[in-house]
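Novice: Pasting a structure below so you can have a look.
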Amino acid sequence: MFTRFRSMPATATAAVLGCALMAMSATPAAAQDQDKPKKEKKGKKEEEAKKGTTIPASKGFAPSVKKMMEAANAKDAAALQAALTEGEGTASTTEDKYWLSFYTLQLGILNSDKATQGKGLDGMLGTTLVPPESLAPYNFYSGQFAYTDKDYPKAIQRLEAAKAAELQRTAA
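Going by my numbering, the letters in the sequence shown line up with residues 89 to 260, in that order.
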């Protein structure tokens with residue numbers, strides 16, 4: 089009768105307790121947001137939307153971006169690959185190269201291809217248009233991909249950049 093209830097290994101117990109502690113620590117922040125008046129919340133969201141970065145594509149590249157966006161939203165990897173190939177010839181500005189790299193990353197995610205994801209991240213980081221709040225994760229993943237590929241100097245550079253970006257973000 090009691091054979092059904094076995095003791096959990098220490099690792100599993102620690103994982104369960106860790107998840108429970110994270111869930112409990114997240115609750116007060118959510119409760120604080122509920123205490124604020126709705127008007128204040130709406131104003132905060134509008135301010136965040138205004139702060140959002142919009143990266144305009146050049147006139148010659150805009151149709152390619154539209155095709156890439158539609159293919160990515162439809163999760164159609166073949167159409168996205170075709171749009172990327174078409175867009176490579178028309179990308180002329182730094183903003184265009186950012187969009188090309190962004191959708192290269194999306195293609196890598198759709199295909200679960202880490203090499204393509206790394207290429208997209210490196211292209212985005214090379215344009216210097218990455219939003220500050222995304223610098224740490226982008227550098228981290230780029231460094232992780234470089235480490236997996238045994239490109240240790242690049243891995244060190246990216247991981248140190250990720251650490252610096254995270255420290256700068258938390259200090260602000």
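Note that CB positions come from ideal geometry on N, CA and C, so glycine has one too.
Since we're looking at a predicted model, the values are computed, not measured.
What residue range is occupied by the uninterrupted alpha helix (DSSP H) comprising residue 216?
Specialist: First-last for residue 216: undefined, no H or E at that position.
Novice: Taking buried to mean at least 16 other C-beta atoms within 10 Å of its own C-beta, is residue 120 buried or exposed?
Specialist: Confidence at residue 120 is low in this model, with a pLDDT of 38, below 50, so its placement is unreliable and no value can be given for it.
Novice: Within this structure, are the beta carbons of residue 233 and residue 205 separated by less than 9 angstroms?
Specialist: Against a cut-off of 9 angstroms, the Cβ pair of residue 205 and residue 233 comes out as a contact.
Novice: Do three or more CB pairs link the stretch 182-193 to the stretch 141-152 at distances below 8 angstroms?
Specialist: Yes, they touch.
Novice: To the nearest angstrom, report how far apart residue 33 and residue 250 are at their CA atoms.
Specialist: Here the chain has residues from 89 to 260 only, and residue 33 is not among them.
Novice: Which runs of the alpha helix (DSSP H) spanning at least 4 residues fall entirely within the stretch 164-213, listed in chain order?
Specialist: The qualifying runs are 165-176, 182-199.
Novice: Pick out whichever of 167, 161, 209, 174 has its Cα sitting closest to the Cα of residue 152.
Specialist: For residue 152, the nearest C-alpha among the options comes from 174.
Novice: May I have the straight-line CA-CA distance separating residue 215 from residue 222, to the nearest angstrom?
Specialist: Approximately 13 angstroms between the Cα atoms of the pair.
Novice: Would you identify the three-state DSSP class for residue 145, choosing helix, strand or coil?
Specialist: Of the three classes helix, strand and coil, the one that applies to residue 145 here is coil, per DSSP.
Novice: Between which two residues does the alpha helix (DSSP H) containing residue 259 stretch?
Specialist: Taken as a continuous stretch (DSSP letters only), the alpha helix (DSSP H) holding residue 259 covers 240-259.
Novice: Kindly indicate which residue of 253, 156, 162 has the alpha-carbon position closest to the one of residue 192.
Specialist: It is 156.
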